[in-house]
Structures are given as structure tokens and as C-alpha cells.
Ligand code: SF4
Ligand code: SF4
């Protein structure tokens, strides 16, 4: 059981996550979109969407610091244990709360605004459940597991375990003794990751950072073929332009 | 000097009768799908009027297009790159569906299934978005032909910019129709706004397209386009826009809107331009100079230097010839009667308009004057400040000069040609008064009034030496490994591949457009498709030809 939950599930999830994205990118570029519903309704979206997205990006940064960065590194940077905990709990709480309230507004909007509701697919609903589950459990872990219960130092169990997965030397025993709420949060996250490539969440990977650097106007040549089909082999266009010497 | 070619359009507004045929045929061809029910790549709006989407010209509200920064540098009016990324989760400047209109259908089912009842059963309007009953209160053309009265018309953003006096007078003054498609701008702000870089301008013909595989649905292009001609498909989550019917244009056919235009008022042709001058022209400090600046971006296809540079840039010879015969070039540069729509947006639009003289003519006629007398017309153009002021806000950022000039040339043509048609000696002083010679006026008359099919559309075919691949209407799913494969396998039905509809009927359609005769026993043999052959044009192989010696 231990091995299944803390070794097999993570690896399966990672494989599905990576492979799923590759597959989706190759075969469903057209379906790769945010599927924005702003056209239908923008008042609630304007409140909920930034709240949610900024909250979750914030939380992502928090996770990177808390889980990927080893304790030694933060201590070397002069952030001692007590300070770290206060920071983690307050920032984690704030971002979790932002995310959750944003999500609540968005779900409310989905349910009540007619056109948005009819544009919601089953896929979306499943995704919402998984996403909300992971977020709620994460927030619970922060609030109850960490803050109220007198401080649980996940950086001595959860974090090394998570990193050990990527060292290909998983240490399941570390996780087996973590509090239940942390365990639940971890599992819900793995399930979410496995579903990720098949939902609209793929739009995370199109975060358009390149926009900051590219020229404003893009010129592109007409594709070689005419119409919708690619040119079959042997039918490539001849280059009839007179070649210049020198 | 660099040379690029642009396929562009000019519309002669005098001839538009507001029949919406162009919109309907365009919709049938491209946007009769779910997700784009509310989308009209081509729409015809009544001016004065609010337009579609509602008040899209109010750039203080929508912030489309470009503006000059403090140090004279061109920047996106809606904010630069960083700001775009920060507001990506909810674009504050995107029109809502109610600014377009909520698309609807009618519950026709009820007409069939309603049981016996006292009152006649009705088909209620149903929203196509939510499926619920709706009250229809706006559409893409709610204020068509000034419908809805002055309250609606007064909210025209262009009207708000002209002076108070004009505003009070306009109802008596005039009305005309403005058909609009995407402008396929030389400096497209839609492309510049796209975070994913999915919108691009084609180097060969300047058509601006959205790469559906790269679009991620960020919606910034909708904001970026000041003409609001990029639309969001709410089903696929991708941006869509007018693509200048490129599958047709590539094989030398005009766009659907142009082909079907009842007034035959659209002209399509090639213009050569220098892409290196685009940024400079778009950054012209005074908006009133933008019209002139944009004309300076165009290159003269008769200039041997330009021809040489075009050839070096890989523009095929028949494109250069087409640029010389281009009706668009003639109307813009030779006759100077075509003007760009809202040059002040600084996108350098490439669909230009011949302003309507008819408001002036109507006033003259209604007041009992001779509306074809040159003196009367010139006088009226100067005196009627209302239409001129309004047209100038539309076409020249408020500068009445070019509008007045264009109308005067149209007026000169009108009265000069009257003499010709009545058999009177034509008066060469009329063209001279507007800086034209008699040849110019006659050529302009031929182009604008006779408007023959192959003079209106001078479209060189795209170059694919594999000629059999001109597959305008072939199945788009029929690519390698696509879902349409299999249907055309070597042993399945339609074995051996589809005969592209375009090839089969292209010449037949073309002949039909050009011929006045019923059957034109002309050259060559062609297959006739009896299903769509209506007796006009060539009969080709249908009729056996005497003494046909060739195989
Ligand atoms: S008019 Fe067309 S090319 Fe110009 S900005 Fe709008 S969508 Fe882009
Ligand atoms: S089809 Fe031609 S005449 Fe009719 S509305 Fe369109 S542009 Fe005007």
C-alpha cells in the first residue's frame, strides 16, 4: 500500500502528465485553448478570474520554495525556521484563500449565467472537482495541519519525499507517517496531474512569455500547398524564379 | 527598397443599396457554424449609426488600434506587452456578447406540435447561447436604414465628433451604407496584440490570418482590432476573422462578398508596397496626414526600379502585371477617389472606399436644382458641410480636403459624362477644373459605372506549379491521416481522389460571369456539369463539334 500510494501513483501520474501533453500537442493543437467564456459574461469573471489565477500562481511559487528548495538552502539564505513558518502559513493562507474565493466566484458564475452553464462540458465538471479538491485540501493542510496543530514541518517529510521521486530513488516511508491531510493533498494533486493534459488546464503551458520578445507584426509565407492539403511527395513546387549569379 | 504585394479592396459607396447580400453569402460560406452565430465577417452598417458591434468606433472606450506615445513612438492603444500579460486572465476591454447581440433562433417546433387552441401558436425566439427564451432587443443591424429613430442614431461615435450644428442637422441631410470586412491592414494591431503570435500577415498577398492551431484563446486580438473584425468563437475558444476568402483568391476568384455584390461596387486588385515604410507612415504625427502617408507607402508598379525590386523579392511577373492593371491602384493613386476607413487608427487599412456623392446629389435634386450640372455640384459640395464633415471623420481623420477632392472628381465625371451620353459636345473644362484630363474621366467612368467583371477583379492566381492542386472546395478533413482520409482510398468510393470542384467549374463560372450570350461556342473543350450548367456560358464538350480533328 505504501509503495502503491507514494511510489507507483506518482510515477504513473508523471508519465501520463508528460505523455498526455505530448500526445495532446501532436494530435489536438486545435483543441488547445483556454476556452474562455468572457464573451458571455465579464463582470463576475473580472473579479473571479484574476483572483483565482494570481492566487494559484502565488501558490505555485510557494510550493516551489517549500517543496523543491531544500531546507538547507533557505537556511543558508538566512531564513530561519520560525520566520519561514510564519511566512509560509501567512502567504500560503492568503494565496490559498485568494484561489479558493476566486474559484468560488467562477463556479458560481458557471452555475448561474445561462450561456456559461450551457457551455460547460462534463470534462470541465470533472476538472473542477479535481481542482477544487486539491486546493481545498491544500488550504486545510496549511490551516489545520500546519498552523493550528502547532506546526508540522513538512519540509522534513513531504518535501524530501517529493524530491526523491525525481532522483529516481523514492522514499515512500517518509510520506507514510505524514498527517492525513497532507497525504490527501498529495494524492489529490497526483490525480489532478494525471487528468491535466486532457482538460482545458493545458493552457498553463501556453503562457505566452515569448510575447515579451517577439516583433509585433509577424509575416509568414503561404504554406506550400494550395488549399487545405499538404503537398504529397513528388508534387513540391518548382522554383521558377530566375537564379541570380554572384 | 523592399517590395511586398497586397491584395486589397475598394468599395464604391455610391452604389451600395444596403441589401446585405454580401453579409448573407459570406455568412453562408464561412460563419454558419455554432460558436460563430453572432459573427459577421462582412457586415453592412447604416451611417450615421452605431455600427456592429455597437459603437465599436469609440476608441476611448475600446482602445483598439495604435496611438503615438509621448516621444512619438507607436504603441498599442490598449497597452503594451507587459500590461497585456498582466490582464490576460480577464481582458477589461473586450466587448461582451450584448455589444454584438445574443444570437437566437425560433422555436418552430411549437408551430407543428401545438394542440388545438384559441390563439394562433407562435414560434418564440430562443437564445442560441443558453437555449432559453429571450427578448430580442439588439442585433447586428438594429438601426438599419436609421431604424429605431434618432435616439439610436445619435449615439454614433463618428457623429459625436462632428460639430454640434452638424449633429442637429444630420437627420435631414443624408444616409448611406457602409459595408465592412477586415481591412487586412499593413500594420495590423490584431497581430501585434496576440500573445501567442498566432495572427500573421502572409508575405505573398498580405492577407491577415489566424493560425487556428496556435491560437490559445487569449482574446487580446479582439481588443486590438479597432474595427472589431476579429471575433471569438465561443465554442472552439479560438479567434476567427475574415480571411479574404483566400481559398478563392488563390485561384483567381474574387471573394464571396465581392462576387455576390448586387451593386457590383467592390473592386479587388494587387497593390505593391514597401514594408520598410510602414512603421514610419503609421507613426505620422498628425492623424490628418495619415491618408497621405499611407499612399506614400504604395509603390508605383510602372516604375522600372520598383519592378526590378519586386522581381528580386520573388514577386512573380504576372503579379506585377496585375498590379499595373489593378483597379485598386487606379482608384487610390490615379483617380484619387478612394479613401481609407479611419486612418487615425494607424493600422494602415487596405479596404478603401469611394465616398458617396449621392447625399449631395439628393439635396440638389430635392431643392429643384439640376443635379448633374458641374457648377451646381461643385457649389453644393462646398456648401454642404454636413456630409463632408461626417465623411471626413470616417475617411481622413477629419480633414475635409481629400473628401472634397474625391467628391469633386466624382461630380466632374457625372456632369462630363452626361454630355457624352446625350451626344452633346463634352466640356473639357470640367475635368480640367478637378485636375484630370478627358481620358482619366472616361477611364474612371468605365471602371466605376460600367464596372466589367474582369476590370473589377484583377486577381493573379497564387503560384503553385502543381496546377491540379487548386482544390478550393475539397474536403478540409482530407489531409494525410485526417478523418477525411479513407473516404477517398484507392478502393473506396470516389477512388482516385476528388475532382476539385474549383477546377471543374472555375472556368465555366468565369465565362458565365463575362458572357452576355447564351451559349458561347468558344475555344477548347471542357466538361460540363449538367447539374449546375444553366445554359449560359460555354457548353464545351456537351455539343459535338463539327470537324473536330484533334484528339
Ligand atoms: S482590420 Fe483586420 S487586419 Fe486590421 S487590425 Fe482588424 S482584424 Fe487585424
Ligand atoms: S451586396 Fe453590395 S449592394 Fe448589397 S449591401 Fe453588400 S455591398 Fe451593398
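Chains as they are written, first to last, in this note's numbering: chain A, 1 to 246; chain B, 247 to 797.
From the three backbone atoms N, C-alpha and C, an ideal C-beta is built for every residue, glycine too.
**OP:** Give the straight-line distance between the Cα atoms of residue 593 of chain B and residue 279 of chain B, rounded to the nearest whole angstrom.
**Re:** 29 angstroms
Original post:
Any idea which residues DSSP pairs residue 214 of chain A with across the strands?
Top reply: Note: residue 214 of chain A sits in no beta bridge, so no partner.
Original post:
Given that residue 197 of chain A touches chain B, what residues does it touch there, using C-beta distances under 9 angstroms?
Top reply: Within 9 angstroms Cβ-Cβ: nothing; residue 197 of chain A doesn't reach chain B, min ~15 angstroms.
**OP:** State the CB to CB distance for the pair residue 348 of chain B and residue 375 of chain B, rounded to an integer number of angstroms; the pair is presumed to be in contact (CB under 8 angstroms).
**Re:** 6 angstroms
Subject >> Closest Cα partner of residue 23 of chain A within the set A:85, A:207, A:145 and A:202 >> reply: A:202
Subject >> Residues from the stretch 467-483 of chain B in contact with chain A, defined by Cβ distance under 8 angstroms >> reply: 478, 480, 481, 482 and 483
Original post:
For ligand 2, which residues count as neighbours when the test is a C-beta closer than 7 angstroms to any heavy atom?
Top reply: B:257, B:261, B:262, B:263, B:264, B:265, B:266, B:267, B:268, B:269, B:290, B:423, B:425, B:503, B:506, B:507, B:508, B:509, B:511 and B:512
Original post:
Run through DSSP, which three-state label would residue 771 of chain B get?
Top reply: With a pLDDT of only 43 at residue 771 of chain B, under 50, the local geometry of the prediction cannot be trusted, and no value is derived from it.
Subject >> Which listed residue (B:295, B:629 and B:327) has its alpha carbon closest to that of residue 400 of chain B >> reply: B:295
**OP:** Could you check if residue 553 of chain B is buried or exposed, using at least 16 other CB atoms within 10 Å of its CB as the buried criterion?
**Re:** buried
Original post:
How about residue 344 of chain B and residue 286 of chain B: do their beta carbons lie closer than 8 angstroms?
Top reply: no
**OP:** Flag residue 487 of chain B as yes when its Cβ comes closer than 7 angstroms to any non-hydrogen atom of ligand 3, and as no otherwise.
**Re:** Ligands in the displayed structure: ligand 1 and ligand 2; ligand 3 is not one of them.
**OP:** For residue 337 of chain B, return the contacting residues in chain A, with the cut-off set at a CB-CB distance below 7 angstroms.
**Re:** 38
Original post:
Does the Cβ of residue 431 of chain B lie closer than 7 angstroms to at least one heavy atom of ligand 1?
Top reply: yes
Subject >> Residue nearest to residue 34 of chain A in terms of C-alpha spacing, selected from A:169, A:125, A:148 and A:199 >> reply: A:199
Original post:
What separation, rounded to the nearest whole angstrom, lies between the Cα atoms of residue 78 of chain A and residue 185 of chain A?
Top reply: 29 angstroms
Original post:
Can you name the residues that DSSP bridges to residue 448 of chain B?
Top reply: A:220
Original post:
Which class does residue 73 of chain A belong to by DSSP, given the choice of helix, strand or coil?
Top reply: helix
Subject >> residue 379 of chain B (DSSP reduced to helix, strand or coil) >> reply: strand
Original post:
Got a sec? Which residues, its chain only, sit under 8 angstroms from residue 120 of chain A by beta carbon, not counting five neighbours each side?
Top reply: 110
Subject >> Per-residue burial, residue 98 of chain A [other beta carbons within 10 Å of its own, 16 or more giving buried] >> reply: buried
Original post:
Out of curiosity, what's the CA-to-CA distance linking residue 676 of chain B and residue 582 of chain B?
Top reply: 16 angstroms
Original post:
Can you list the residues of chain B that residue 203 of chain A reaches, using a CB-CB cut of under 8 angstroms?
Top reply: 462 and 463
Original post:
Taking the continuous beta strand (DSSP E) assigned at residue 423 of chain B, which residues delimit it?
Top reply: 422-426
**OP:** Give the single residue among B:439, B:488, B:310 and B:647 whose Cα lies nearest to the Cα of residue 472 of chain B.
**Re:** B:310
Original post:
What number of angstroms, rounded off, separates the C-alpha of residue 503 of chain B from the C-alpha of residue 515 of chain B?
Top reply: 15 angstroms
**OP:** State the Cα-Cα distance for the pair residue 531 of chain B and residue 316 of chain B, rounded to the nearest angstrom.
**Re:** 11 angstroms
Original post:
residue 330 of chain B: beta carbon under 7 angstroms from a heavy atom of ligand 1?
Top reply: no
**OP:** Please name the residues in the stretch 254-278 of chain B whose beta-carbon is closer than 9 angstroms to at least one beta-carbon of chain A, in chain order.
**Re:** none
Original post:
residue 449 of chain B and residue 339 of chain B look like a contact to me (Cβ under 8 angstroms); what is the Cβ gap, rounded to whole Å?
Top reply: 30 angstroms between Cβ atoms; not a contact.
Original post:
Hey, would you say the C-beta of residue 323 of chain B is under 7 angstroms away from at least one heavy atom of ligand 1?
Top reply: no
Subject >> Opening and closing residue of the beta strand (DSSP E) in which residue 476 of chain B lies >> reply: 476-479
Subject >> residue 687 of chain B versus residue 653 of chain B: straight-line alpha-carbon distance, rounded >> reply: 13 angstroms
Subject >> Whole-angstrom distance between residue 386 of chain B and residue 442 of chain B, CA atom to CA atom >> reply: 29 angstroms
Subject >> Other residues of its chain near residue 172 of chain A: CB distance less than 8 angstroms, five sequence neighbours each side excluded >> reply: 2, 3, 5, 6, 7 and 161
**OP:** Report the three-state DSSP secondary structure of residue 159 of chain A (helix, strand or coil).
**Re:** helix
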